[in-house]
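In what follows, a structure is listed as structure tokens, so that the remarks can point back to it.
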Amino acid sequence: MDKKLNPLNNIEDWEDDLLKRYPENPSKKTEEEFRDYKNSKRAEGVKEFYKLNHQYQSYDFVCDKEATFLQFNHRRMSLWDAVEFLNTLVDDSDPDIELDQLQHLLQTSEAIRDDGHPDWFVLTGFLHDVGKVLCLFGEPQWAVVGDTFPVGCSFSNSIVHSEYFSLNPDNSNPKYNTKFGIYKENCGLNQIKMSWGHDEYLYQIMKNYLPQEALYMIRYHSFYAQHKEQAYNYLMDKTDLKMFEWVRKFNNYDLYSKAPVQPNSRALKPYYEDLVAKYLPDTLNF
Ligand SMILES: [Fe+2]
Ligand SMILES: [Fe+2]
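With our numbering as the guide, the letters of the sequence shown map in order to residues 2 to 287.
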């Protein structure tokens with residue numbers, strides 16, 4: 002893996018960092034967590050990762066990626082195959098605390114199922130990160146994972162490591178660097194181009210098959226500046242505001258369902274195959 006373009010040892014390092022930013026129980030943060038050498042090395046990688054992300058995720062960059070990936074001509078596969086394909090993503094960090102992708106998906110969806118939510122919500126938990134297959138199509142980490150944010154208007158200071166936006170060409174482009182940029186006040190997120198990554202990609206694959214709530218969860222689950230910080234209320238319309246309640250509901254499962262007990266994927270497979278068959282076609286174009 003090219004360290005310069007892919008500074009994270011493991012793409013999950015970004016998500017582990019989210020847990021530090023948004024701990025489930027803030028009083029539980031341990032001191033060792035911050036002294037630990039491995040964690041500080043990991044934090045360096047995360048910083049480097051955001052630097053690349055904020056530098057290169059410009060309006061034109063997003064247009065470029067959309068032109069490439071929204072043709073869906075990279076691979077045709079069933080959802081289950083996509084999940085298994087995603088699981089071949091091999092990271093070079095120590096395997097101690099890392100769960101593989103399938104386990105993260107199943108832990109998220111099983112936690113949703115345990116709470117008695119509707120089946121489409123469970124399915125959303127199960128597939129929400131499948132867009133990360135972009136990594137297997139050769140995309141660098143910073144164009145697949147990480148917090149997402151609107152492009153085409155000024156970058157909010159609430160975005161993590163917003164200092165690195167000084168490196169983004171849009172930051173000095175008068176077309177894009179004002180509060181509203183190319184958009185109108187409260188025009189609604191559907192009008193807004195978001196930074197490119199696994200969220201938008203999977204949304205575009207799923208948009209004809211799942212209820213609106215599920216599509217919001219998929220499309221905006223990494224938009225922390227909004228669902229945690231409410232930094233872009235001025236772009237949101239009424240539907241967005243209502244639907245973000247679901248994004249927040251989903252986020253709790255995404256962040257806080259990691260448990261040391263690994264779900265038994267073999268035993269769960271029949272349930273998920275039926276669930277997938279209820280909502281999705283046999284194969285999908287990626
Ligand atoms: Fe994700
Ligand atoms: Fe996730």
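Yeah, the Cβ is synthetic: ideal placement off N, Cα and C, and Gly gets one too.
Just so you know, these numbers come straight off a predicted model, no measurement behind them.
What's the gap between the Cα of residue i and the Cα of residue j?
i	j	result
A68	L6	22 Å
N54	S157	15 Å
N174	E111	45 Å
E49	P170	18 Å
G132	H118	23 Å
L106	Y51	24 Å
Y235	D101	38 Å
E25	S258	10 Å
P261	R114	18 Å
A278	L190	30 Å
F224	Q72	24 Å
F127	T109	7 Å
L19	L256	8 Å
G153	A232	15 Å
K176	Q227	23 Å
L9	R249	26 Å
Y202	F86	16 Å
Y23	K243	22 Å
F138	N74	11 Å
N88	P27	31 Å
F1	K42	In this structure the chain extends from 2 to 287, so residue 1 is not present and cannot be described.
V84	V161	29 Å
Y165	N172	10 Å
K21	Y254	16 Å
R220	P212	12 Å
H129	D65	23 Å
K180	L216	26 Å
T125	D238	23 Å
Residue range of the alpha helix (DSSP H) that residue i falls in?
i	result
M244	239–257
A1	The displayed coordinates of the chain run from 2 to 287. Any statement about residue 1 would go beyond what the structure contains.
H228	225–228
Y272	266–280
W294	Outside the modelled stretch of the chain, which goes from 2 to 287, sits residue 294, for which no answer is possible.
Q72	Q72 -> no alpha helix (DSSP H), and no H or E assigned at all.
G126	120–128
Q213	213–221
E16	13–22
Going by DSSP, name the residue or residues bridged to residue i.
i	result
M195	P151
R77	N286
For residue i and residue j, which I take to be in contact (beta-carbon distance under 8 Å), what is that distance rounded to the nearest angstrom?
i	j	result
M195	P141	That belief does not hold up - the Cβ atoms of M195 and P141 are roughly 18 Å apart, past 8 Å.
M207	F251	The Cβ separation is near 14 Å, so there is no contact.
L168	Q56	4 Å
A144	G198	7 Å
F245	R76	No, F245 and R76 are not in contact; Cβ-Cβ is about 32 Å, not under 8 Å.
Y210	Y273	In fact, because the Cβ distance is near 15 Å, the residues do not count as touching under 8 Å.
E230	S159	4 Å
N187	S155	About 16 Å separates the two Cβ atoms, so there is no contact after all.
D283	S79	6 Å
T149	D200	6 Å
P14	V47	Pro is not the amino acid found at residue 14; the sequence shown has Asp there. Sure, about 6 Å apart at Cβ, within 8 Å.
I193	Y184	6 Å
L276	D120	6 Å
P271	Q104	No, P271 and Q104 are not in contact; Cβ-Cβ is about 18 Å, not under 8 Å.
I12	V123	I12 to V123, Cβ: 24 Å. No contact.
Checklist entry - Which residues count as close to ligand 2 when the rule is a CB under 5 Å from any of its heavy atoms, in chain order? => result D130, D255
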